[in-house]
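Numbers in the numbering used here are just positions in the sequence shown, counted from 1, shifted up by 2.
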Amino acid sequence: MLNNRKVKGLGVSVPTIYAEKVREILKNRSAIEPSLKPLRMGDKVVFPLKQNTPLLEGVVPPELGCELVWEEFQERRTTPRSIREALSGIISGELLEKLPSSYDVVGDIAVVHIPEGLESFGRQIGEAIIRVNPSVKVVLGEAGPVAGVYRTRRLVHLAGEARTFTIHKEHGCVFQVDLEKVYFNPRLAGERMRIAGLTRSDEVVADMFAGVGPFAVAIARHAGARVFASEINPDAYDLLVKNIQINKLAGRVVPLFGDCRATFSNNQISADRVVMNYPSDPLSFLDTAFKILRGRGVIHLYGFAEDTEEWRSKIVERVRELGASCDLVVKRLKPVSPSRNLVVADIGVRFS
Ligand SMILES: C[S@@+](CC[C@H](N)C(=O)[O-])C[C@H]1O[C@@H](n2cnc3c(N)ncnc32)[C@H](O)[C@@H]1O
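Next up, the structure:
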């Protein structure tokens, strides 16, 4: 990395007692090389000089004991502000324009989408992210879409340590996550706080698709409500159990292993509020949510749709098919492709 590099060059050696005086003189003549660090050598300091500095005669008074020396200086740490800035000397032209301008950070792992045409620069992009954001210790590249029932995606290692496990902190909650084995989206942090803010402490909440527990833990911790959290992926379930422990929420968040279509009914659980974060196929599970609510309550239903109107009409139709009526507030959360958005509906359901 740039900050470990040493560079040989010309410098002015000066007794420490005169160092400040000589620094001022050299600075006024713009003679100090700013990219290199001054050296301390016993009772002397050596200031690195710019390559084109004229010789010292007449620059510093001889009585200050200055000498010209050839030394090895350490480069100053330079933190680029963006991937583009970090790679501007390495990648050129059109490709530079295509470089990603954002990436997700989960704990100390960055996950980045490598745009088409830049596949062979994966390692450089990964190293650039670590230089831009030194708290990132691992960079993974997305190698496919989020897919399957477990909603995981294939990832490739680009730079830094070779691991996919990390610890993510979010609004006072802590989550153990293994990005290769489970779904986790740090961009939903605000949404989790919003749902926690809507929940009263005397409510019972059902998190039908809990993953490693970010909604369940945030709701229990910030609202004080009791949450039943169901998860079908064994790896995600194990981490859910750990996350309940490390957030000291045993008994307040109850983990249920298995398909939410069975776990809630098998345990005869009913709830006032249901969280359904399974946007790839949420409407197939609406009947299960209705059974959990038993009468009336609120559902937070996440889905993918072109716009909020499309999402609203799909829900109204399905609710009608299930013989209920509802009030709806629909919100667009973030784009997931040029024509698709992640949307959420807060549904107040009544059964006649
Ligand atoms: C989109 S992820 C959301 C996870 C979590 N709520 C979050 O925000 O990180 C959906 C989760 O539901 C789980 N899942 C899928 N089908 C399920 C089912 N029938 N019952 C319980 N969990 C299921 C997946 O394994 C996955 O962890």
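Backbone N, C-alpha and C define an ideal beta-carbon position, used for all residues, glycine too. Small disclaimer: the values here were computed from a predicted structure and weren't measured.
> By how many angstroms is the C-alpha of Leu251 removed from the C-alpha of Arg240?
Replying inline: Locating residue 240 in the sequence shown gives position 238, counting from the first residue. Locating residue 251 in the sequence shown gives position 249, counting from the first residue. The sequence given here places Asp at residue 240; Arg does not occur at that position. Answer to the nearest angstrom: the Cα atoms are 15 Å apart.
> Do three or more CB pairs link the stretch 65-79 to the stretch 8-16 at distances below 8 Å?
Replying inline: Flag = yes, the stretch 65-79 and the stretch 8-16 touch.
>> Taking its Cβ as the centre, do 16 or more other Cβ atoms sit within 10 Å of Met3, making it buried, or is it exposed?
In response: Working through the sequence shown from its first residue, we reach residue 3 at position 1. Legend: pLDDT at Met3 = 42, less than 50; position of this residue unreliable, value from coordinates given subsequently. Label assigned to Met3: exposed.
> Roughly how far, in whole angstroms, is the beta-carbon of Val134 from the beta-carbon of Ser84, given that I think they are within contact range, below 8 Å?
Replying inline: As a first step, residue 134 is located in the sequence shown; it is residue number 132 there, counting from the start. As a first step, residue 84 is located in the sequence shown; it is residue number 82 there, counting from the start. Correct: roughly 6 Å between the Cβ atoms.
>> So, at 6 Å on beta carbons, what are the nonlocal neighbours of Leu101 in its own chain, with the 5 sequence-adjacent residues on each side left out?
In response: For this step, residue 101 is matched to residue 99 along the sequence shown. The answer, listed in chain order, is Ile85 and Arg86.
> Going along the chain, which unbroken runs of the beta strand (DSSP E) with 3 or more residues stay wholly within the stretch 102-183?
Replying inline: 106-108, 111-114, 140-144, 157-162, 167-172 and 175-180
>> For Val329 and Val158, what's the separation of their Cα atoms in angstroms?
In response: In the sequence shown, the residue the question calls residue 329 occupies position 327. In the sequence shown, the residue the question calls residue 158 occupies position 156. For the sequence presented, residue 329 should be read as Asp rather than Val. Using only the alpha carbons, I get a separation of about 44 Å.
> Under the three-state reduction of DSSP, which class applies to Leu251: helix, strand or coil?
Replying inline: For the purposes of this step, residue 251 is taken as residue 249 along the sequence shown, with counting starting at 1. Note: Leu251 maps to coil in three-state DSSP.
>> Relative to the C-alpha of Glu65, which candidate in Lys29, Ile19, Ile34 and Ser104 has its C-alpha closest?
In response: Counted from its first residue, the sequence shown places residue 65 at position 63. Here the closest residue by C-alpha is Ile19.
> Does DSSP put Arg342 in a helix, a strand or coil?
Replying inline: Within the sequence shown, numbered from 1, the residue matching residue 342 stands at position 340. Strand, per DSSP.
>> For Asp45, which residues in the same chain have their Cβ closer than 7 Å to its Cβ, ignoring the five residues on either side in sequence?
In response: Taking the sequence shown and counting its residues from 1, one reaches residue 45 at position 43. Cβ neighbours of Asp45 beyond the five flanking positions: Pro17 and Thr18.
> Is Cys175 near ligand 1, in the sense that its beta carbon is under 8 Å from a heavy atom of that ligand?
Replying inline: Translated into positions along the sequence shown, residue 175 becomes position 173. In this structure, Cys175 has its CB at a distance of at least 8 Å from all heavy atoms of ligand 1.
>> Could you tell me the alpha carbon to alpha carbon distance between Val14 and Pro40, rounded to whole angstroms?
In response: What you label residue 14 is simply residue 12 of the sequence shown in a count that begins at 1. What you label residue 40 is simply residue 38 of the sequence shown in a count that begins at 1. About 10 Å.
> Which one of Phe287, Gly67 and Asn30 has the shortest CA to CA distance from Thr55?
Replying inline: In the sequence shown, counting from the first residue as 1, residue 55 sits at position 53. Closest option to Thr55, Cα to Cα, is Asn30.
> Between which two residues does the alpha helix (DSSP H) harbouring Pro216 extend?
Replying inline: For the purposes of this step, residue 216 is taken as the residue at position 214 of the sequence shown. In the DSSP assignment, Pro216 falls within the unbroken alpha helix (DSSP H) covering Pro216 to Ala225.
> So Ala161 packs on Glu129, CB below 8 Å; how close in whole Å?
Replying inline: The residue given as residue 161 occupies position 159 in the sequence shown. The residue given as residue 129 occupies position 127 in the sequence shown. Confirmed, Cβ separation roughly 5 Å.
>> Suppose the cutoff is 7 Å on Cβ atoms and the five residues either side in sequence are ignored; what does the same chain contact list for Leu344 look like?
In response: In the sequence shown, the residue the question calls residue 344 occupies position 342. The answer, listed in chain order, is Pro281, Tyr304, Phe306, Leu335, Lys336 and Val338.
>> For the alpha helix (DSSP H) containing Lys23, name the first residue and the last one.
In response: Taking the first residue of the sequence shown as 1, we reach residue 23 at position 21. That run of the alpha helix (DSSP H) goes Ala21 to Asn30.
> Looking only at its own chain, which residues have a Cβ that is under 7 Å from the Cβ of Leu200, when we skip the five neighbours before and after it?
Replying inline: Taking the first residue of the sequence shown as 1, we reach residue 200 at position 198. Contacts found: none.
> Leaving out the 5 sequence neighbours to the left and right, which residues in its chain are closer than 6 Å to Pro117 when beta-carbon positions are compared?
Replying inline: Here the question's residue 117 lines up with position 115 in the sequence shown. So the qualifying residues of the chain are Lys100.
> Ends of the beta strand (DSSP E) at Ser232?
Replying inline: Translated into positions along the sequence shown, residue 232 becomes position 230. It spans Arg228 to Glu233 - the beta strand (DSSP E) in which Ser232 sits, taken as one unbroken run.
> Taking the DSSP output, what are the residues bridged to Leu41?
Replying inline: Locating residue 41 in the sequence shown gives position 39, where the first residue counts as 1. Answer is Val48, bridged to Leu41.
>> Measuring straight from C-alpha to C-alpha, what distance separates Lys171 and Arg25?
In response: Your numbering for residue 171 matches position 169 in the sequence shown. Your numbering for residue 25 matches position 23 in the sequence shown. Cα to Cα, the separation comes out at about 44 Å.
> If you run the structure through DSSP and keep just helix, strand and coil, what is Val328?
Replying inline: For the purposes of this step, residue 328 is identified with residue 326 of the sequence shown, where counting begins at 1. Reading the sequence as shown, one finds Cys at residue 328 and not Val. Note: Cys328 maps to strand in three-state DSSP.
>> Suppose you measure from the CA of Leu70 to the CA of Leu12; what does that come to, to the nearest Å?
In response: If you number the sequence shown from 1, residue 70 lands on position 68. If you number the sequence shown from 1, residue 12 lands on position 10. Each residue's Cα considered, the two are about 7 Å apart.
> My guess is that Gly215 and Ala198 are in contact by the Cβ rule of under 8 Å, so how many angstroms apart are they, rounded?
Replying inline: Counted from its first residue, the sequence shown places residue 215 at position 213. Counted from its first residue, the sequence shown places residue 198 at position 196. The Cβ separation is near 13 Å, so there is no contact.
> Is it the case that the Cβ atoms of Ile271 and Leu288 are separated by a distance below 9 Å?
Replying inline: On the sequence shown, position 269 is the one that residue 271 refers to. On the sequence shown, position 286 is the one that residue 288 refers to. No, the pair does not count as a contact, with Cβ atoms beyond the cut-off.
>> For Val151, count the other beta carbons within 10 Å of its own beta carbon; 16 or more makes it buried, fewer makes it exposed. Which is it?
In response: Counting from 1 along the sequence shown, the entry for residue 151 is found at position 149. In the assembly as shown, Val151 is an exposed residue. Its beta-carbon has fewer than 16 other beta-carbons within 10 Å.
> What number of angstroms, rounded off, separates the C-alpha of Arg342 from the C-alpha of Ala149?
Replying inline: Counted from its first residue, the sequence shown places residue 342 at position 340. Counted from its first residue, the sequence shown places residue 149 at position 147. Rounded to the nearest angstrom, the two C-alpha atoms are 16 Å apart.
> With Val277 and Phe217 assumed to form a contact (beta carbons below 8 Å), what rounded beta-carbon distance in angstroms separates them?
Replying inline: Translated into positions along the sequence shown, residue 277 becomes position 275. Translated into positions along the sequence shown, residue 217 becomes position 215. Their Cβ separation, rounded to whole angstroms, is 5 Å, which keeps Val277 and Phe217 in contact under 8 Å.
> Under a three-way DSSP split, which group does Pro17 fall into?
Replying inline: Stepping through the sequence shown from its first residue, residue 17 is reached at position 15. Three-state DSSP puts Pro17 in a strand.
>> In the DSSP output, which residue or residues are listed as bridge partners for Pro257?
In response: Locating residue 257 in the sequence shown gives position 255, counting from the first residue. According to DSSP, which records beta bridges pairwise, Pro257 is partnered with Ala231.
> By how many angstroms is the C-alpha of Ile92 removed from the C-alpha of Arg125?
Replying inline: Position 123 of the sequence shown, counting from 1, holds the residue named residue 125. Position 90 of the sequence shown, counting from 1, holds the residue named residue 92. Taking the straight line from one Cα to the other gives about 12 Å.
> For the beta strand (DSSP E) that Asp209 lies in, which residues bound it at each end?
Replying inline: The residue given as residue 209 occupies position 207 in the sequence shown. Per DSSP, Asp209 belongs to the beta strand (DSSP E) from Val206 to Asp209.
> What beta strand (DSSP E) runs, 3 residues minimum, are completely inside the stretch 263-292?
Replying inline: Whole beta strand (DSSP E) segments, 3+ residues: 275-278.
> Between Ile221 and Cys262, is the Cβ-Cβ spacing less than 9 Å?
Replying inline: The residue you call residue 221 lines up with position 219 of the sequence shown. The residue you call residue 262 lines up with position 260 of the sequence shown. Against a cut-off of 9 Å, the Cβ pair of Cys262 and Ile221 comes out as no contact.
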